[in-house]
Amino acid sequence: MHAELWPAFILHSRPLGEDKLILQLLLPEQGRVSAVVRKRQGKQRLALQPFQPFMLQLSGRTELKTVKSIDEAAAAFLFSGKVLYSGIYLNELICRLWPDNLAAEQLFNVYQHSLQQLMLVQQGSGELEPCLREFEFALLTELGQPIDWQQDADGNPLNTAWCYQWQHEQGFVAAANGFAGIHLLNIGNSQWQSADTRRCAKQLSRQILAPLLGSKPLASRALFEGG
Numbered sequence: 336m337h338a339e340l341w342p343a344f345i346l347h348s349r350p351l352g353e354d355k356l357i358l359q360l361l362l363p364e365q366g367r368v369s370a371v372v373r374k375r376q377g378k379q380r381l382a383l384q385p386f387q388p389f390m391l392q393l394s395g396r397t398e399l400k401t402v403k404s405i406d407e408a409a410a411a412f413l414f415s416g417k418v419l420y421s422g423i424y425l426n427e428l429i430c431r432l433w434p435d436n437l438a439a440e441q442l443f444n445v446y447q448h449s450l451q452q453l454m455l456v457q458q459g460s461g462e463l464e465p466c467l468r469e470f471e472f473a474l475l476t477e478l479g480q481p482i483d484w485q486q487d488a489d490g491n492p493l494n495t496a497w498c499y500q501w502q503h504e505q506g507f508v509a510a511a512n513g514f515a516g517i518h519l520l521n522i523g524n525s526q527w528q529s530a531d532t533r534r535c536a537k538q539l540s541r542q543i544l545a546p547l548l549g550s551k552p553l554a555s556r557a558l559f560e561g562g
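Read in the working numbering, the sequence shown has 545 at position 210, and its numbers run on one by one without any break.
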């Protein structure tokens, strides 16, 4: 890996001995990368926190890289309460679902946009649920599982008066009950005014993400429940 500066976000960190951390990083070209960084001391101390853009240099030929240098590229997004838990949730989804060392140019942009949207929520000028759902569905698209919000598995336009079930690797299939077509079309058009549409989106995203996440529960969901 060339010793040049890369933009990055820290998704997660854990201690390694007394003076090092193992970071889970998200970079556009390298994707999700594990790297060791030495803690800075005294006046050189740098808050290695999530939700902040960094520029860094990486070295190493193994899967575990070494951070040669790291500097703040911009101020951190400062979240609290449910918005903070939501940011942690986004990070956890990427750590759990995005393969190691797979390029993530579009995901990086989606993630950065989602942090900006969460900041609007924090400031009281945005809504939390649409931000989370749009990130989940965009992540699924980047993972090669895009959702067609316009037509069913047979290529027929979704009908606002019908209900549909989601079938893995097929898409939406007309059914006696399930997700209302009107709500699926609303989701595809980013029309989040209806509480029923938001509820539909949450149920659908959980259904699609469940087999990808496996049986291990998400730690970030426990934060919501505990909060």
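We put the beta carbon where it would ideally sit given N, CA and C, even for glycine.
Measure from the alpha carbon of residue i to the alpha carbon of each residue in the options, then state which is nearest.
i	options	result
ASN436	LYS374, GLU364 and ALA545	GLU364
PRO388	HIS503, TRP341, TYR424 and SER421	TRP341
GLY461	HIS448, ALA473 and GLN441	HIS448
THR397	LEU419, PHE472, VAL368 and ASP406	VAL368
ILE517	GLN542, LEU548 and GLN485	GLN485
PRO552	ALA343, PHE344, MET390 and TYR424	TYR424
TRP433	ALA554, SER550, GLY490 and LEU544	LEU544
PRO492	GLN480, ALA382, ARG533 and GLY523	GLY523
ALA343	GLU353, GLU407 and SER394	GLU407
Suppose the cutoff is 8 Å on Cβ atoms and the five residues either side in sequence are ignored; what does the same chain contact list for residue i look like?
i	result
PHE514	CYS498, TYR499, GLN500, TRP501, PHE507, CYS535, GLN538 and LEU539
VAL371	LEU351, LYS355, LEU356, ILE357, LEU358, LEU399, LYS400, THR401 and VAL402
GLN379	Bear in mind that a pLDDT of 49 at GLN379, under 50, signals an unreliable position, so the number given afterwards is only what the model happens to contain. Around GLN379: no qualifying Cβ.
ALA382	ALA411
SER525	PRO465 and GLU469
ARG533	GLU464, PRO465, ARG468 and TRP527
TYR420	SER555, LEU558, PHE559 and GLY562
Any heavy atom of the ligand ADP within a distance shorter than 6 Å of the CB on residue i?
i	result
GLU462	Absence of the ligand ADP from the depicted structure is noted, as is the absence of any ligand whatsoever, leaving it without description.
Residue i to residue j, Cα distance in whole Å?
i	j	result
ASP483	PHE443	22 Å
MET454	ALA411	10 Å
PHE470	VAL445	7 Å
LEU475	ALA557	22 Å
HIS337	LEU520	Reliability of the predicted coordinates at HIS337 is poor, the pLDDT of 49 falling under 50, and the value obtained from them is presented with this limitation in mind. Distance between the alpha carbons of HIS337 and LEU520: 45 Å.
GLU427	ASP531	26 Å
TRP527	ARG541	17 Å
SER348	PRO481	30 Å
SER555	THR495	34 Å
ASP489	GLY459	42 Å
Excluding the five sequence neighbours on either side, which residues of its own chain have a C-beta within less than 7 Å of the C-beta of residue i, listed in chain order?
i	result
PHE577	For residue 577 there is no data in the structure shown, the boundaries of the chain being 336 and 562.
LEU547	LEU432
Just to check my reading of the structure: residue i and residue j have Cβ atoms closer than 8 Å, yes? What is that Cβ distance to the nearest angstrom?
i	j	result
ALA510	ASP487	Contact doesn't hold; Cβ gap of about 10 Å is too wide.
PHE279	LYS417	Outside the displayed span of the chain (336 to 562) sits residue 279, for which this structure offers no information.
CYS430	GLN452	Going by Cβ atoms, the distance from CYS430 to GLN452 rounds to 20 Å, so no, they are not a contact pair.
GLU339	GLN392	7 Å
LEU362	LEU346	Incorrect: roughly 11 Å between the Cβ atoms, too far for contact.
GLN505	GLU477	Actually they do not touch by this definition, with Cβ atoms about 20 Å apart.
ALA439	GLY366	4 Å
Any beta carbon from chain D within less than 7 Å of residue i's own beta carbon?
i	result
LEU358	The structure shown has no chain D; it contains just one protein chain.
Considering only residues of the same chain and omitting the five flanking positions on each side of residue i, which have a CB-CB separation below 6 Å?
i	result
ALA409	PRO388
GLN457	PHE414 and VAL418
GLY377	Because GLY377 sits at a pLDDT of 46, beneath the cut-off of 50, its placement in the model cannot be relied upon, and the following sentence gives the value as read from the coordinates. Correct list: empty, nothing qualifies.
GLY395	THR401
Handout entry: 4-residue-minimum alpha helix (DSSP H) runs that sit fully inside the stretch 443-527, ordered along the chain
Key = Entirely contained in the stretch 443-527, the alpha helix (DSSP H) runs reaching 4 residues are, in chain order, 463-477 and 516-523.
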